[in-house]
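In terms of our numbering, the sequence shown opens at residue -6 and continues consecutively.
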Amino acid sequence: MRDFSSFEKDVLSKMVALQNEGKLCRYNLLYSINKAIEIEEIDYADIQIVSDTIEKNSLRKILIQLSLLFEYLISNYYLIDFARDIDNKIELNKTSSKKFIIKADRSYPKECFIYKYNCYYELLLSETIVDLVKHQFKTAEQRRFEIQLMEARTQYKHTIFWTRASFFVALCAALAAIIIPFYSSTKIEKSQYKEIKQEINGIQSALKDTLQIRPIDENLTIKK
């Protein structure tokens, strides 16, 4: 399926809305595109497109764009033209006082788009187009790709989260391996220091008892 222009997207959206109301035909579509456009009957076989505010070149451009869009839709089986009038059609005006007028010349079918014989023909859009309009002109392939992309982004976020969590745990373990032994050895050295101090104090007391100097006995007689 080809890409559609902004004008064509707007037209297709209006066509889906008209189809939902059971009013999809060329006459109603042209009027829904711009209510300043009117269709008038010239005789039993011909019509003319008229407007007070839209000049002839702009009218002709709208008709050509619609003609090319319909040609694409019908040739690709996205649109069915039943070649029968819708039930709730209205009568065309037969006189005109409009400023801009284009006669629907059947010699140039791609330019005029709408004629007396087909202006009320019932049209039916395929479900493919209806679904496309429903999803803002994103094809099924585009929607599947977006879902896959979203899932990939979610998976990436989860992967990043768990990678960072693993890194943090590993970093904590590494820091613990460095700090805990150092802290433990410090405690052991303090306890050993207390024990050594007690041992030193005990040795000092023993030495004092052994090396204590006794006073001289005054009655001691030194022999000559």
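Each residue gets a CB set at the ideal place from its N, CA and C atoms; glycine is no exception. Computed from a predicted model, the values in this text were never measured in an experiment.
query	result
CB contact below 8 Å: residue 126 versus chain B	No chain B is part of this structure, which consists of one protein chain only.
Separation of residue -6 from residue 78, as counted between CA atoms	29 Å
Beta-carbon proximity list for residue 10, same chain, < 8 Å, skipping 5 on both sides	25
Residue 60 versus residue 138 - alpha carbon distance	32 Å
For residue 132 and residue 152, the rounded distance between their alpha carbons	30 Å
CB contact flag (residue 32, residue 40, <8 Å)	yes
Terminal residues of the beta strand (DSSP E) in which residue 93 lies	93 to 96
Sub-8 Å separation of residue 122 and residue 53 beta-carbons	no
Assigned secondary structure, residue 62 (DSSP; H/G/I helix, E/B strand, else coil)	helix
Rounded separation between residue 34 and residue 43 - CA only	11 Å
C-alpha distance - residue 20 paired with residue -3, whole-angstrom precision	22 Å
Reduced DSSP category for residue 154 - H, G, I as helix; E, B as strand; rest coil	helix
Alpha carbon of residue 170 to alpha carbon of residue 157, nearest angstrom	20 Å
Beta-carbon gap between residue 71 and residue 23 smaller than 8 Å	no
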